[in-house]
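Report on the structure given below.
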Amino acid sequence: MPEAETGETNLRFVKLSGNAIAPTRGSEWAAGFDLYSAEEAEIPSMDRMIVKTDIQISLPVGCYGRIAPRSGLAVKHGLDVGAGVIDADYRGSVNIVLFNFSKKSYSVKKGERIAQLICEKICYPKLQECVSLDNTERGSGGFGSTGKN
Numbered sequence: 011m012p013e014a015e016t017g018e019t020n021l022r023f024v025k026l027s028g029n030a031i032a033p034t035r036g037s038e039w040a041a042g043f044d045l046y047s048a049e050e051a052e053i054p055s056m057d058r059m060i061v062k063t064d065i066q067i068s069l070p071v072g073c074y075g076r077i078a079p080r081s082g083l084a085v086k087h088g089l090d091v092g093a094g095v096i097d098a099d100y101r102g103s104v105n106i107v108l109f110n111f112s113k114k115s116y117s118v119k120k121g122e123r124i125a126q127l128i129c130e131k132i133c134y135p136k137l138q139e140c141v142s143l144d145n146t147e148r149g150s151g152g153f154g155s156t157g158k159n
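Going by this note's numbering, the sequence shown opens with residue 11, and the numbers climb by one from there.
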């Protein structure tokens, strides 16, 4: 029976290889599931690389997956993630785009936590073209227009 009918919220996953590690939470209330590298990789300074997790996921109804950086890797090693949206209907392997913004290369170890997966609710609005939009107090001000900095 589909999740929508049972009221359950499950993040289903499949390990695609013997190198895959099931996503885990660092604590009961952690926002994201840690994702693990299924391979060794060397990311040169100021470069990027796609790192495999060898897992496949099925997201809960009404959610998309957001791939987010792990704060420890960002602070200690200058690593960030990119291209971090997983659509609900995607069924391929989850791969992580890792950016190395540090001055030295970074060695990713097989089995290392490299990113986190956050399940976020999403709205699927219908698109409506208009001649104009309503006025607001902010108007078209952007890029710091609401503060002093």
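C-beta: ideal position from N, C-alpha, C; glycine also.
Note to self: Whole angstroms are fine: how far does the CA of K62 sit from the CA of G149?
What the structure shows: 43 Å
Next item on the list: Please check the pair R76 and E130, which I expect to be a contact at CB under 8 Å, by giving their CB distance rounded to whole angstroms.
Entry: 5 Å
Next item on the list: Could you check what DSSP says for G28 in three-state terms: helix, strand or coil?
Entry: coil
Item checked: M11, DSSP secondary structure in three states -> With a pLDDT of 46 at M11, under the threshold of 50, the predicted position of this residue should be treated as unreliable, though the coordinate-derived value follows. Residue state, collapsed to three classes: coil.
Check: From G157 to I65, what does the alpha carbon distance come to, in whole angstroms?
Finding: 43 Å
Notebook entry, point to check: What did DSSP end up calling V71 once you bin it into helix, strand or coil?
Noted result: coil
Notebook entry, point to check: Could you check where the alpha helix (DSSP H) with S81 kicks off and where it finishes?
Noted result: S81 to H87
Next item on the list: Look at the Cβ atom of A48, then the Cβ atom of A32, and state whether they are nearer than 9 Å.
Entry: no
Next item on the list: Would you check if the distance between the CB atom of A78 and the CB atom of G94 is smaller than 9 Å?
Entry: yes
Margin query: Using only CA atoms, which one of E147, L45, S68 and D90 lies nearest to N20?
Written below: S68
Item checked: H87 beta carbon less than 9 Å from that of Y6 -> Residue 6 falls outside the range modelled here, since the chain spans only 11 to 159, and no answer is possible.
Margin query: Judging by CA-CA distance, which residue of G82, F23, L89 and K25 is the nearest neighbour of I53?
Written below: L89
Check: Hey, out of P135, G36 and G154, whose CA is closest to S81's CA?
Finding: G36
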